[in-house]
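Reviewing the structure listed below.
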Amino acid sequence: MKIKGDYIKVEAFDGFVVAPVGEESVKNRIMLTLNGTANEIWEMLKEEKSADEITLALSKKYGIPKEKAQSDVKKVIDSLKKEGIMTE
Numbered sequence: 269m270k271i272k273g274d275y276i277k278v279e280a281f282d283g284f285v286v287a288p289v290g291e292e293s294v295k296n297r298i299m300l301t302l303n304g305t306a307n308e309i310w311e312m313l314k315e316e317k318s319a320d321e322i323t324l325a326l327s328k329k330y331g332i333p334k335e336k337a338q339s340d341v342k343k344v345i346d347s348l349k350k351e352g353i354m355t356e
């Protein structure tokens, strides 16, 4: 999985905003807001980590059950796929 196109991410209020730039801004005119956890997932996706790697990292970092981390990762990835931001 990987994020397709070019996006800029800026810190705003109590989270982050992601918006397409360049060619991607012509194809996809969406802005996303990310909370802290979604931001961490975004950063790991930019490094082309797998969903399993991200799940394990979050589970270890926050001491949460793997199933909870997996659910959070799936929600973010599903949202990014729905908006056409991610490829398999």
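Our numbering puts the first residue of the sequence shown at 269, with every later residue one more than the last. Beta carbons: idealized from backbone N, C-alpha and C, even for Gly.
*Decide yes or no for the touch test of the region 279-286 against the region 325-333: beta carbon pairs closer than 8 Å, at least 3 of them.*
Not touching, per the Cβ criterion.
*Look up Val285 in the DSSP assignment and say whether it is helix, strand or coil.*
Within the sequence shown, the letter at position 17 stands for residue 285. Strand at Val285.
*Do you know whose CA, among Leu302, Gly273, Ile276, Glu315, lies nearest Asp340's CA?*
Counting from 1 along the sequence shown, the entry for residue 340 is found at position 72. Shortest Cα-Cα distance from Asp340 to any of Leu302, Gly273, Ile276, Glu315 involves Leu302.
*Between which two residues does the alpha helix (DSSP H) harbouring Glu321 extend?*
By 1-based counting over the sequence shown, the position of residue 321 is 53. Per DSSP, the unbroken alpha helix (DSSP H) holding Glu321 starts and ends at 319-330.
*Alpha carbon to alpha carbon, how far is Ile276 from Val344?*
Translated into positions along the sequence shown, residue 276 becomes position 8. Translated into positions along the sequence shown, residue 344 becomes position 76. About 17 Å.
*Count the other C-beta atoms from every protein chain shown that fall within 10 angstroms of the C-beta of Glu335, then say buried if there are 16 or more, exposed otherwise.*
Residue numbering aside, residue 335 sits at position 67 when the sequence shown is read from its first letter. In the assembly as shown, Glu335 is an exposed residue. Its beta-carbon has fewer than 16 other beta-carbons within 10 Å.
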